[in-house]
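Chains as they are written, first to last, in this note's numbering: chain A, 1 to 264; chain B, 265 to 493. Everything below concerns the one structure shown next.
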């Protein structure tokens, strides 16, 4: 039985430039998982969460863009084309559910769009740098608990071209997407050559029973000069099972005193 | 007084929104910005147990009781803030992001934000051309008492001004912008340091986006009446 709760996937990620990977996402997550054992392999250790440039710097394949004029030596996406910074990311994880358990694969943020392959199953993730993605993977986890995950990440649709004179936000093309605009350069920042393409925030697996808590909202209200205070709580609940769920919903508010004692 | 259990029955496959009865507190410790008092935080934990199964899910978040009100000063056009009824002189730092390769670790956030608190700042302004900052950023702002002014992804330079003059109509996909904005609000809304959502930098978003944001983010009428509302 898998433990209820969240497991962050932030170790053991590999990455490779998509133009150097001949296999499909289905092959990578079924018959041909990548490995870095072979020195000629295009795969390398990845920085996840992070960006493609972060992964390339981690493997010393680019100079550090923030020293001297070294950013000038890094190929800009306007010159290389988007496929140059379109990268595969791969990892494996263990998760074995028991009856009535459900699992989600969560990406807290990806820049800019992606396709996810898990054990040969494909899921296309919609665009947008500032949105969470959650995929119900309950039915596509491997029975033996060993799971192979590959994600191909595409840069912003409109990375833009940096004018010779630079300037605030370059040629402003990036503003056509819902993504950070600073990456085209400003008077205080050099252009970011990959436009921050990558799995740039937390990846996690969350395991629940039949009922899941989603996006609670906590608000307080105050009366009588802050003597009388109320906590208002609203939450979404999802019954993932095929039968009526009789629930006990609990909310507890505690203050941590010294020595891990709680006031309830 | 700080524990509530409710019986809820969910039909198969249901996706519902449930509101707890409000929890009463008498003179709880309030959360204050840096320099005005203690950043008192409570731990709120929600669990759901299902009959015949056991604990099905658990969610927890730290929470600070505080009331932030801001108004426009008609004489100066500036925005005046009050926290828990007390006016506050804002000493803010402009914030883009911590690292251009998005190496955004907890340690990095903790160091950056404590540095701003040590400089006696009491606000961080997340600029429209940067990021919707992450839960870890907000967690340390909660901890160190830094109010956060979070802009959405519109800048004067890229969205209507600049040189050459750029396109004022924002991103190609307005619905995507609003989807991202709403999802970002859900991600960050429980942080006591979150003081203000702003449409963009030096520019008003396209009218449909702006109207939708203002509508979505308006204060619920119920809370108009609580102290200093």
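Glycine is no exception: its CB is placed at the ideal position from the N, C-alpha and C atoms.
- Identify whether residue 82 of chain A lies in helix, strand or coil by the three-state DSSP scheme. Start at 1 with the first residue of the first chain, and residue 82 of chain A comes out as number 82. Three-state result, residue 82 of chain A: helix.
- Message: Please report the distance separating the alpha-carbon of residue 382 of chain B from that of residue 302 of chain B.
- Response: Walking along the second chain from the start, residue 382 of chain B turns up at place 118. Walking along the second chain from the start, residue 302 of chain B turns up at place 38. Each residue's alpha carbon lies about 15 Å from the other.
- Query: Taking all protein chains shown into account, do 16 or more other C-beta atoms lie within 10 angstroms of the C-beta of residue 60 of chain A, making it buried, or fewer, making it exposed?
  - Reply: Translated into positions along the first chain, residue 60 of chain A becomes position 60. Residue 60 of chain A should be labelled exposed.
- Taking DSSP as the reference, what is the three-state secondary structure of residue 281 of chain B? Within the second chain, the letter at position 17 stands for residue 281 of chain B. DSSP places residue 281 of chain B in strand when its eight states are reduced to three.
- Since residue 200 of chain A meets chain D, which of its residues come closer than 8 Å, beta carbon to beta carbon? Among the protein chains of the structure shown, namely A and B, there is no chain D.
- Query: What residues from the stretch 237-256 of chain A come within 8 Å of chain B, judged by C-beta to C-beta, listed N to C?
  - Reply: Within the stretch 237-256 of chain A, the residues whose Cβ lies closer than 8 Å to some Cβ of chain B are 237, 238, 239, 240, 241, 242, 243, 244, 245, 246, 247, 248, 249, 250, 251, 252, 253, 254, 255 and 256, listed in chain order.
- Can you grab the Cα-Cα spacing for the pair residue 413 of chain B / residue 468 of chain B, in whole Å? Translated into the one-based positions of the second chain, residue 413 of chain B becomes position 149. Translated into the one-based positions of the second chain, residue 468 of chain B becomes position 204. Going by the C-alpha atoms only, they are around 16 Å apart.
- Are any of the Cβ atoms in chain B nearer than 8 Å to that of residue 146 of chain A? Taking the first residue of the first chain as 1, we reach residue 146 of chain A at position 146. No, no contact with chain B.
- Message: Tell me whether the stretch 170-183 of chain A and the stretch 36-55 of chain A touch, counting them as touching only if at least three CB pairs, one residue from each stretch, are closer than 8 Å.
- Response: Look at the beta carbons and you see the stretch 170-183 of chain A not touching the stretch 36-55 of chain A: under three pairs across the two are nearer than 8 Å.
- Query: In terms of residues, what are the limits of the beta strand (DSSP E) holding residue 460 of chain B?
  - Reply: Locating residue 460 of chain B in the second chain gives position 196, where the first residue counts as 1. Per DSSP, residue 460 of chain B belongs to the beta strand (DSSP E) from 458-462.
- Query: Going along chain A, which residues have a C-beta under 8 Å from residue 454 of chain B?
  - Reply: Residue numbering aside, residue 454 of chain B sits at position 190 when the second chain is read from its first letter. Those within 8 Å of residue 454 of chain B in chain A are 216, 217 and 218.
- Query: Does residue 432 of chain B have its Cβ less than 8 Å from a Cβ in chain A?
  - Reply: Position 168 of the second chain, counting from 1, holds the residue named residue 432 of chain B. Output row for residue 432 of chain B: interface = no.
- Task: Tell me residue 198 of chain A's beta-bridge partners as DSSP assigns them.
- Result: Taking the first chain and counting its residues from 1, the one referred to as residue 198 of chain A is at position 198. Answer by DSSP bridge pairing, in chain order: A:111.
- Between the stretch 92-111 of chain A and the stretch 198-211 of chain A, are three or more C-beta pairs nearer than 8 Å? yes
- Message: So for residue 146 of chain A, helix, strand or coil by DSSP?
- Response: The sequence position of residue 146 of chain A within the first chain is 146, counting from 1. Residue 146 of chain A: strand per DSSP, three-state reduction.
- Message: In this structure, how does DSSP classify residue 351 of chain B when only helix, strand and coil are distinguished?
- Response: The residue labelled residue 351 of chain B in the question sits at position 87 within the second chain. Correct three-state label for residue 351 of chain B: strand.
- Message: Using only the alpha-carbon positions, how far apart do residue 353 of chain B and residue 63 of chain A sit?
- Response: On the second chain, residue 353 of chain B is found 89 positions in, with the first residue counted as 1. On the first chain, residue 63 of chain A is found 63 positions in, with the first residue counted as 1. Going by the C-alpha atoms only, they are around 43 Å apart.
- Cα-Cα, which of A:94, A:224, A:200 and A:164 is closest to residue 185 of chain A? The sequence position of residue 185 of chain A within the first chain is 185, counting from 1. Closest by alpha carbon: A:164.
- Message: If you follow the alpha helix (DSSP H) that residue 471 of chain B is in, where does it begin and where does it stop?
- Response: Locating residue 471 of chain B in the second chain gives position 207, counting from the first residue. Element bounds for residue 471 of chain B: 471-480.
- Classification of residue 67 of chain A by the beta-carbon crowding that lies within 10 angstroms, buried from 16 upward: Reading the first chain from its first residue, position 67 is the one you call residue 67 of chain A. Residue 67 of chain A should be labelled exposed.
- Distance between residue 40 of chain A and residue 443 of chain B (C-alpha atoms, nearest Å): Position 179 of the second chain, counted from the start, is the residue given in the question as residue 443 of chain B. Position 40 of the first chain, counted from the start, is the residue given in the question as residue 40 of chain A. Approximately 42 Å, taken between the alpha carbons.
- Task: Take residue 124 of chain A as the anchor and find which of A:113, A:131 and A:132 has the nearest alpha-carbon.
- Result: Indexing the first chain from 1 puts residue 124 of chain A at position 124. That would be A:113, whose Cα lies nearest to the Cα of residue 124 of chain A.
- Query: What residues of chain B sit near residue 213 of chain A, judged by a beta carbon separation below 9 Å?
  - Reply: Here residue 213 of chain A is taken as the residue at index 213 of the first chain, counted from 1. Near residue 213 of chain A (Cβ distances below 9 Å), the residues of chain B are 310, 311, 312, 320, 321, 322 and 323.
- Message: Measuring straight from C-alpha to C-alpha, what distance separates residue 94 of chain A and residue 5 of chain A?
- Response: In the first chain, the residue the question calls residue 94 of chain A occupies position 94. In the first chain, the residue the question calls residue 5 of chain A occupies position 5. Rounded to the nearest angstrom, the two C-alpha atoms are 14 Å apart.
- Message: By the DSSP assignment, the beta strand (DSSP E) with residue 308 of chain B in it spans what residues?
- Response: Sequence index remark: in the second chain, residue 308 of chain B carries index 44 (1-based). Residue 308 of chain B -> beta strand (DSSP E) spans 306-314.
- Item | 8 Å Cβ cutoff met for residue 159 of chain A and residue 77 of chain A | On the first chain, residue 159 of chain A is found 159 positions in, with the first residue counted as 1. On the first chain, residue 77 of chain A is found 77 positions in, with the first residue counted as 1. Yes, Cβ-Cβ distance for residue 159 of chain A and residue 77 of chain A is below 8 Å.
- Of the choices A:46, A:234, A:199 and A:22, whose alpha-carbon is the least far from that of residue 309 of chain B? Numbered from its first residue, the second chain carries residue 309 of chain B at position 45. Across the set A:46, A:234, A:199 and A:22, the C-alpha of A:234 shows the shortest separation from the C-alpha of residue 309 of chain B.
- For residue 380 of chain B and chain A, any beta-carbon pair shorter than 8 Å? Counting from one through the second chain, the residue named residue 380 of chain B turns up at place 116. With 8 Å as the cut-off, residue 380 of chain B does not count as an interface residue toward chain A.
- Item | Check whether residue 480 of chain B and residue 446 of chain B have beta carbons under 8 Å apart | The sequence position of residue 480 of chain B within the second chain is 216, counting from 1. The sequence position of residue 446 of chain B within the second chain is 182, counting from 1. Cβ atoms of residue 480 of chain B and residue 446 of chain B: closer than 8 Å.
- Item | Residues bridged to residue 14 of chain A [DSSP beta-bridge criterion] | As a working note, residue 14 of chain A is residue 14 in the first chain. Beta-bridge pairing links residue 14 of chain A to A:45 and A:90.
- Query: Apart from the five residues on each side of it in sequence, which residues of its chain come closer than 8 Å, Cβ to Cβ, to residue 344 of chain B?
  - Reply: Counting from 1 along the second chain, the entry for residue 344 of chain B is found at position 80. If we look at residue 344 of chain B and ignore the five residues flanking it on each side, its Cβ neighbours are 334, 335, 336, 337 and 351.
- Message: With three or more beta-carbon pairs closer than 8 Å as the criterion, would you say the stretch 453-469 of chain B touches the stretch 395-414 of chain B?
- Response: These segments touch.
- Who are the Cβ neighbours of residue 295 of chain B in its own chain at under 7 Å, not counting the five residues just before and after it? Locating residue 295 of chain B in the second chain gives position 31, counting from the first residue. Residues of the same chain with a CB within less than 7 Å of the CB of residue 295 of chain B, apart from the 5 flanking positions on each side, are 303, 304, 305, 328, 329, 330 and 456 in chain order.
- Message: I need the straight-line Cα distance from residue 265 of chain B to residue 287 of chain B, nearest angstrom please.
- Response: As a first step, residue 265 of chain B is located in the second chain; it is residue number 1 there, counting from the start. As a first step, residue 287 of chain B is located in the second chain; it is residue number 23 there, counting from the start. The predicted position of residue 265 of chain B is uncertain, since its pLDDT is 48 and thus under 50; a value taken from the coordinates is nonetheless stated next. Taking the straight line from one Cα to the other gives about 7 Å.
- What does a CB cutoff of less than 8 Å around residue 214 of chain A pick up in its chain, not counting 5 residues either side in sequence? In the first chain, residue 214 of chain A corresponds to position 214, counting from 1. Taken in chain order, the residues that qualify are 235, 236, 237 and 238.
- Message: DSSP three-state label for residue 466 of chain B, please.
- Response: The residue given as residue 466 of chain B occupies position 202 in the second chain. The DSSP-derived three-state label of residue 466 of chain B is coil.
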